[in-house]
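Participant:
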Amino acid sequence: MSSFVEIKELEKTFRGGGLAGKGSQSFTAVDRVSFNIESNTIFGLVGESGCGKTTLSRSVLYLDPPTSGQIIIDGTDLSGLSPSDLRAFRKKIQIVFQDPNSSLNPKMSIENSIKEGLQNIRYAAGAPDRKRKIDTRVDELLDLVGITPEHKKRYPHEFSGGQKQRIVIARALAVEPDFLILDEPVSNLDVSIQAQIINLLLELKQRLSLTYLFISHDLNLVSYLSDRIAVMYKGRIVECGSVDDIMRRPVHPYTMKLFSSIPGVSRIDDGTEQVFHVEEDGYCEGLPAGYCFHSGNPAAEQQVLEINDGHSVACFKI
Ligand SMILES: Nc1ncnc2c1ncn2[C@@H]1O[C@H](COP(=O)(O)OP(=O)(O)OP(=O)(O)O)[C@@H](O)[C@H]1O
Ligand SMILES: [Mg+2]
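Residues in the sequence shown are numbered from 143 upward in steps of one, following the numbering used here.
(1) Which residue's Cα is closest to the Cα of D360: D325, D451, S176, P270?
(2) Of all the options I276, D219, I311, A442, which has the alpha carbon lying nearest to the alpha carbon of L286?
(3) Just to check, is the beta-carbon of E190 closer than 7 Å to a non-hydrogen atom of ligand 2?
(4) In whole angstroms, what is the alpha-carbon distance linking G377 and V455?
(5) Would you mind working out which of I323, L228, Y297 sits nearest T197, comparing C-alpha positions?
(6) For M374, list the residues DSSP reports as bridge partners.
(7) Output the distance between the C-alpha atoms of N341 and S365, rounded to the nearest integer angstrom.
(8) Would you give the residue range spanned by the alpha helix (DSSP H) that A314 belongs to?
(9) Just to confirm my understanding: we take N450, look at its own chain, exclude 5 residues before and 5 after, and list those with CB closer than 6 Å. What are they?
(10) Could you spell out the range, first to last residue, of the alpha helix (DSSP H) harbouring Q348?
(11) Is G536 close to ligand 1? I mean its beta-carbon at under 7 Å from any heavy atom of the ligand.
(12) If the criterion is Cβ atoms closer than 8 Å, does the pair S181 and T290 meet it?
(13) Drop a sphere of 10 angstroms on the beta-carbon of N439, count the other beta-carbons inside from all chains shown, and report buried for 16 or more, exposed for fewer.
(14) Does the beta-carbon distance from V175 to I379 come in below 8 Å?
(15) Please confirm whether K306 and P298 have their CB atoms less than 8 Å apart.
(16) Tell me whether A441 is buried or exposed, calling it buried when 16 or more other Cβ atoms sit within 10 Å of its Cβ.
(17) Between the Cα of T170 and the Cα atoms of I339, P208, I149, E148, which residue gives the shortest distance?
(18) Using only the alpha-carbon positions, how far apart do D206 and N243 sit?
(19) State the start and end residues of the unbroken alpha helix (DSSP H) segment that holds I388.
(20) CB of H359 to nearest heavy atom of ligand 1: below 7 Å?
(21) Which two residues bound the contiguous alpha helix (DSSP H) that contains R279?
This is how it looks when you write it as structure tokens:
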């Protein structure tokens, strides 16, 4: 059976200067990325700043169409949709960004922010009881994310960062999506608030049978939430597997480097500390004979090798 989300050989290249500041040369921010997400699961995407996580998520939504590759969601190939069909289809997919301030209009009450989505989508103009239904739905959505509906006339600046992110989540849920892309949704929040938002997201996933692509630079957080994890480095997925594969049996040197950046954590390991020797060259432990991580040949093509069922790494054939 096919997966709910299928990303195949996705590539996004920016031409000329742009943010990457690479002069007139083109710059590949997402490089032949492939992964699948099963329905009602959380897929974690982890990697350092600038590795291409946001570019990938914008491409998956077709906000910035990919240069090449395929995105199939719930059996629909997005490249085959007309602009109006794509707009309609996007209601199945919503994205929550890192900074709630950039997602909420400061001049609009939170009630109106949420209504904006509802009016166009769920209730046709002229339908009987339309106003009452919209009001009830706004209250339901706020209640769902733990915001007191009585506060709905207030403006974004009257809420804390965590509350604002709850409101952004409520607005994303207004269109009843199946799939949420969460791009560093808690990175701007205090640690204590982060946990509350994470728990809310987990609860919503269960209640509404949602599927998440959860993006973060924090491997610890991603491992707490996810069913499967992909590690991204310089536009490529260098390792992908179950949480157990990545946390207990990591193979790629870059995944291991991510562990060393988690304070006090080497990896989950039944109480015993593991020491990784990450060598820049020739580190091939975990790979079958004939493969290596550093080919020494700049023209060599990386490939994705499945080393165990569902556990793959990017490497070179010697
Ligand atoms: N519109 C654009 N034009 C040119 N280059 C871009 C554009 N958007 C992003 N880039 C470049 O693509 C690369 C990946 O950026 P992206 O924002 O996807 O990274 P990220 O992993 O989300 O980083 P962060 O963790 O800081 O959010 C960066 O080098 C960035 O400068
Ligand atoms: Mg980003």
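Glycine residues also receive a C-beta, built at the ideal position from the N, C-alpha and C atoms. Computed from a predicted model, the values in this text were never measured in an experiment.
Facilitator: This is what the structure gives:
(1) D325
(2) Residue I311 is the option with its Cα nearest to L286.
(3) no
(4) 14 Å
(5) I323
(6) I379
(7) Computed Cα separation, rounded: 14 Å.
(8) 303-315
(9) none
(10) 333-350
(11) Lying before the first or after the last residue shown, residue 536 is absent from the chain, which here runs from 143 to 460.
(12) Result no, Cβ atoms of S181 and T290 do not sit closer than 8 Å.
(13) exposed
(14) In this structure, V175 places its C-beta atom within 8 Å of the C-beta atom of I379.
(15) yes
(16) exposed
(17) P208
(18) 22 Å
(19) 385-390
(20) yes
(21) 272-286
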